[in-house]
Amino acid sequence: MPMQRRTALTLGTAAAASVLVGRDAAAQGKPIKVGLLEDVSGDLALSGIPKLHGSVLAAEEINKAGGILGRPVELLHLDPQGDNARYQEFARRLLQRDKVDVLVGGITSASREAIRQLARRAGTFYFYTNQYEGGVCDANMVSTGAVPEQQFSTLIPYMAERFGKRVYTIAADYNFGQLSAEWTRTLMKELGGTVIGEEFIPLGVSQFAQTIQNIQRARPDWVMCLNVGASQDSFFEQAAAAGLNLPMGSSIKIMLGFEHKRFAPPALKNMHAVANWFEELDTPAAQDFKRRWRARWPDETYINDMGYNAYVTLHLYKALVERAKSFDKAAIRKVIAAGDAVIDAPEGRVTIDPASQHLSHHMRMVSVNDRHEVAVLKDFGEIKPYWLGQVGCDLTKRDDNEQYSPSSLPRKS
Amino acid sequence: MFAEMFSVAYQFADVFAFLILSAAGLAVVFGMMGIINMAHGEFIMCGVYVTAALFHAGLPLPLAQAGGTAAAGLAGVAVERGIVRHLYRRPLDSLLATWGLSLVVTQGMLILVGSSYPGIGTPPGSFSVGGYSFAAYRLALIGGAVAVLLFLYLLFMKTRFGVLARATMQNAAMARALGVRTGGIYAASFGIGAALAGFCGALYAPTMTLIPTMGVNFVTESFVTVVVGGSNVLLGTAPAGALLALVRSGLNAAYGQIAGQIGMLFAVIVIIRVLPEGVSGWLTRRGA
């Protein structure tokens, strides 16, 4: 397509995609521009659409209550359609042309890394709202999703104790899958167990006959499922049909992709995950939140953890600004550094950890039975994202701009 | 020992089935008209979704699958009438048009039906050989691939339509001069190609997750099989499928899925370099 036509098309789409959220009479003043990069079409649409819904719901609630320091929130949403190059293009547009005050979004870890440095260069605060493989020590980023010390350090000891010390990992072959597999290896070793086999699957592969056979040959006690995307999710159906019948653990199934709603039972039987949010959570705060969500989005198939995190992030941002009494990033970071970044979210009380700028979470273990019903097995309470601070990341003193992992730790300075 | 041999044969047949089923529809359309149907994945998706919809409406699985196949075939006839027919002598334009159609259909399905559709669930039943257990339904996939090859053989070699179609493939102008209604042959071929794509979708529907962009899972494999096979559907598709399945299943077993994927694509590059007109071009040159 010729250059001018493509630009016109993208501009037109961007213009159509900008959402001006309810400017209430109570909220006056220049709008606060929140740049949103969420996939609402393409392969990741089923996870991305709830994220947009969560942000819109939060923005509407905030504006109805008077905005942030009297200024209304304006969401500028662009849809990168799961294409990392488009993530970068749209991030540049939001940061340089629209000059957003804060950037929110990114879905896969690859997309996060694609835009993180762009946000740094623009000096715009970036909020990443997904669970991920942890380790990003970046003063310009706040992570509001769960991280391995909240998800794996709770899940893996339980699985090892209950099912056994031999685990087989299947993981998507990109940074999230590779790093999460590394975390699994590290934690299993600490428990005296072993990862007896690992398979990394290219994104887009949908046929798993050989993988299933490899698992059967290895005879693990349970399987760590780090497969990502609809194509790789076909593993569950095929494994159930082949009669694999092993317990499974994951940091991303059930609460992110609501596989238990999309697949026919018993494909997801015996899946375990540790989540900060899942729609089946039954507390008064959770029920109230769900009621409000369903009033706004009655056709939502499942309120997933990504949508929930997106919602909490905007409210968190509002609390940060109000406590800092300013939109200035340095002032907000001072609030975080003082340990004052606390809000009551539908999951429970959450705090931003000063050293890592990651969010604490109230973690609960869920499992799925053969009728795809979800049960809560264990309540871990509020778990702080302690790992980065423990290994030497301290954003109150130093801005590392690195991603660490168990095999790639900060240099002791 | 037997278990290992069986499992090797099984893995080969599983990959072979996937390649044949994905590629058959594309091969018919490409072989007949030289048209590269970029919406091939969407005909497969049509087969999947219609099968799932009919199944959820209460039909037994085989009937739902037949419905999915038929729906894709009808859609193919409609697309041929509406779009492709006008672009026969314009291969690049037909590429663009079918690609545009693919975009419209995937995003249209996203808007109309939503980002995901409830899955069907594989029919129960598994069997064991040695220490391995296999899903019985996967044998149906292998059977389906063989059935498709048989169908193509019988259609093109044993029916009057087949004779006319092969004549049109060989020399359309001459066939027309002899009174063959080539327009009708083209339309029927496109419909058959779309129906084969729908059949692929219908067969794989119980084994996969249903999202509007799921056609993309089949497209790479179908295109490389057709390219390696060359333009003669009968001669090319099966050997190409067998060759690529050998490479992929072998590498999958030895080194994992990444190696299998890369190895298969690398094999395609090598084969095309050595046999530019594909396997069928090589076979016809040798006087097969």
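Protein chains in written order, with the working numbering: chain A, -13 to 399; chain B, 1464 to 1751.
Just so it is clear, CB atoms sit at the ideal spot from N, CA and C, and this is done for glycine as well.
*Are the C-beta of R148(A) and some C-beta of chain B separated by less than 8 Å?*
Taking the first residue of the first sequence as 1, we reach residue 148(A) at position 162. Any Cβ of chain B closer than 8 Å to the Cβ of R148(A) would place that residue at the interface, and such an atom is absent.
_Against chain A, does P1523(B) count as a neighbour if the rule is that its beta carbon must be under 8 Å from one of theirs?_
Taking the first residue of the second sequence as 1, we reach residue 1523(B) at position 60. P1523(B) is outside the set of residues whose beta carbon lies under 8 Å from a beta carbon in chain A.
*Please determine if the region 1469 to 1479 of chain B and the region 1634 to 1650 of chain B are in contact, where contact requires at least 3 C-beta pairs separated by less than 8 Å.*
no
*Is there a Cβ from chain B that is less than 8 Å from the Cβ of P188(A)?*
Here residue 188(A) refers to the residue found at position 202 when the first sequence is read from its first residue. Interface residue, yes.
*Does the Cβ-Cβ distance between G131(A) and L23(A) come in under 8 Å?*
Position 145 of the first sequence, counted from the first residue, corresponds to residue 131(A). Position 37 of the first sequence, counted from the first residue, corresponds to residue 23(A). For G131(A) and L23(A), no; Cβs fall outside 8 Å.
*Are the Cβ atoms of Q224(A) and T1670(B) separated by less than 8 Å?*
Within the first sequence, the letter at position 238 stands for residue 224(A). Within the second sequence, the letter at position 207 stands for residue 1670(B). In contact: Q224(A) and T1670(B) (Cβ atoms closer than 8 Å).
*Give the straight-line distance between the Cα atoms of H301(A) and V336(A), rounded to the nearest whole angstrom.*
Here the question's residue 301(A) lines up with position 315 in the first sequence. Here the question's residue 336(A) lines up with position 350 in the first sequence. Going from the Cα of H301(A) to the Cα of V336(A) covers about 12 Å.
_Is there a Cβ of chain B sitting closer than 8 Å to that of T170(A), yes or no?_
One-based indexing of the first sequence puts residue 170(A) at position 184. No Cβ of chain B is located within less than 8 Å of the beta carbon of T170(A).
*State yes or no: is the C-beta of G190(A) within less than 8 Å of the C-beta of V1731(B)?*
For this step, residue 190(A) is matched to residue 204 along the first sequence. For this step, residue 1731(B) is matched to residue 268 along the second sequence. Against a cut-off of 8 Å, the Cβ pair of V1731(B) and G190(A) comes out as no contact.
*Can you tell me which of the three DSSP states C1509(B) falls into?*
Indexing the second sequence from 1 puts residue 1509(B) at position 46. Helix at C1509(B).
*DSSP beta-bridge partners of S394(A)*: For this step, residue 394(A) is matched to residue 408 along the first sequence. The partner list for S394(A) (beta bridge, DSSP) reads S391(A).
*At least one CB of chain B closer than 8 Å to the CB of R203(A): is that the case?*
The residue labelled residue 203(A) in the question sits at position 217 within the first sequence. So yes, R203(A) belongs to the interface.
_Need the endpoints of the alpha helix (DSSP H) that H39(A) sits in, please._
On the first sequence, position 53 is the one that residue 39(A) refers to. Taken as a continuous stretch (DSSP letters only), the alpha helix (DSSP H) holding H39(A) covers 31 to 50.
*Y144(A) versus P251(A), Y390(A), L177(A), residue with shortest Cα-Cα distance*: The residue you call residue 144(A) lines up with position 158 of the first sequence. If we check each option's Cα against that of Y144(A), L177(A) comes out closest.
*Which word fits A216(A), buried or exposed, when buried means at least 16 other C-beta atoms lie within 10 angstroms of its C-beta?*
Residue mapping note: residue 216(A) aligns to position 230 of the first sequence, counting from 1. Buried, since its Cβ has 16 or more Cβ neighbours within 10 Å.
*Going by the CB atoms, is the gap between T1514(B) and G1664(B) shorter than 8 Å?*
Taking the first residue of the second sequence as position 1, residue 1664(B) is located at position 201. Taking the first residue of the second sequence as position 1, residue 1514(B) is located at position 51. Taking a C-beta distance under 8 Å as the contact criterion, G1664(B) and T1514(B) qualify as a contact pair.
*Can at least three beta-carbon pairs, one atom from the region 160 to 176 of chain A and one from the region 1680 to 1688 of chain B, be found at a separation below 8 Å?*
Segment contact: the region 160 to 176 of chain A against the region 1680 to 1688 of chain B, fewer than three CB-CB distances shorter than 8 Å; contact not assigned.
*Going along the chain, which residues of its own chain have a beta-carbon closer than 6 Å to the beta-carbon of I201(A), five neighbours each way excluded?*
In the first sequence, the residue the question calls residue 201(A) occupies position 215. Y154, listed in sequence order.
*Whole-Å CB distance - L61(A) paired with A77(A), under 8 Å assumed*: For the purposes of this step, residue 61(A) is identified with residue 75 of the first sequence, where counting begins at 1. For the purposes of this step, residue 77(A) is identified with residue 91 of the first sequence, where counting begins at 1. Not really, about 15 Å apart at Cβ, beyond 8 Å.
_Simplified DSSP state of W208(A), which is helix, strand or coil_ = Stepping through the first sequence from its first residue, residue 208(A) is reached at position 222. Strand at W208(A).
_Which complete beta strand (DSSP E) runs does the region 232 to 320 of chain A hold, if anything under 3 residues is left out?_
234 to 236, 257 to 261
*Select from L1659(B), V1742(B), M1501(B), F1506(B) the residue whose C-alpha is nearest the C-alpha of S1557(B).*
Here residue 1557(B) refers to the residue found at position 94 when the second sequence is read from its first residue. Checked all of L1659(B), V1742(B), M1501(B), F1506(B); the closest Cα to S1557(B) is M1501(B).
*Give the C-beta separation of A261(A) and M241(A) to the nearest angstrom, bearing in mind that I take them to be a contact with Cβ-Cβ under 8 Å.*
Translated into positions along the first sequence, residue 261(A) becomes position 275. Translated into positions along the first sequence, residue 241(A) becomes position 255. The pair is a contact, with the Cβ atoms about 4 Å apart (cut-off 8 Å).
*Which two residues bound the contiguous alpha helix (DSSP H) that contains L1559(B)?*
Along the second sequence, one-based indexing puts residue 1559(B) at 96. From DSSP, the alpha helix (DSSP H) with L1559(B) extends over 1554 to 1576.
*Check whether the region 368 to 383 of chain A touches the region 280 to 288 of chain A, counting contact only when three or more Cβ pairs, one atom from each stretch, lie closer than 8 Å.*
Here the region 368 to 383 of chain A does not lie against the region 280 to 288 of chain A, with fewer than 3 beta-carbon pairs under 8 Å apart.
*Name, going along the chain, the residues of the region 1716 to 1746 of chain B whose beta-carbon falls closer than 7 Å to a beta-carbon of chain A.*
A1716, G1719, Q1720, I1721, Q1724
*Among residues of its own chain, excluding the 5 on either side of A(-6)(A), which ones have a beta-carbon nearer than 6 Å to its beta-carbon?*
As a working note, residue -6(A) is residue 8 in the first sequence. Since pLDDT at A(-6)(A) reaches only 46, below the 50 mark, its modelled position is unreliable, and no value is offered.
*Buried/exposed call for H1549(B), threshold 16 Cβ in 10 Å*: Indexing the second sequence from 1 puts residue 1549(B) at position 86. With fewer than 16 Cβ atoms within 10 Å of its Cβ, H1549(B) is classed as exposed.
*Quick one, which residues of the region 11 to 36 of chain A are near chain B if we go by CB-CB under 7 Å, in chain order?*
S27, G28, D29, A31, L32, I35
_Three or more C-beta pairs below 8 Å linking the region 253 to 271 of chain A and the region 26 to 38 of chain A_ = no
*Complete runs of the beta strand (DSSP E) confined to the region 1472 to 1537 of chain B [at least 3 residues]*: none
*asked:* Quick check on A71(A) - is its C-beta less than 8 Å from some C-beta in chain B?
replied: By one-based count along the first sequence, residue 71(A) stands at place 85. Not one chain B Cβ lies under 8 Å of A71(A).
*Could you round the C-beta distance between I369(A) and S346(A) to whole angstroms and report it? I think they count as a contact, below 8 Å.*
As a first step, residue 369(A) must be located in the first sequence, where it is residue number 383. As a first step, residue 346(A) must be located in the first sequence, where it is residue number 360. That pair is a contact at about 6 Å.
*Using a Cβ-Cβ distance under 8 Å, would A216(A) count as near chain B?*
Here residue 216(A) refers to the residue found at position 230 when the first sequence is read from its first residue. Chain B contact via Cβ: present.
*How would you call E308(A), buried or exposed, if buried means at least 16 neighbouring beta carbons within 10 angstroms?*
Indexing the first sequence from 1 puts residue 308(A) at position 322. It counts as exposed.
_How far does the beta strand (DSSP E) with L1673(B) in it extend, from its first residue to its last?_
Numbered from 1 along the second sequence, position 210 holds the residue referred to as residue 1673(B). Per DSSP, L1673(B) belongs to no beta strand (DSSP E) and is neither H nor E.
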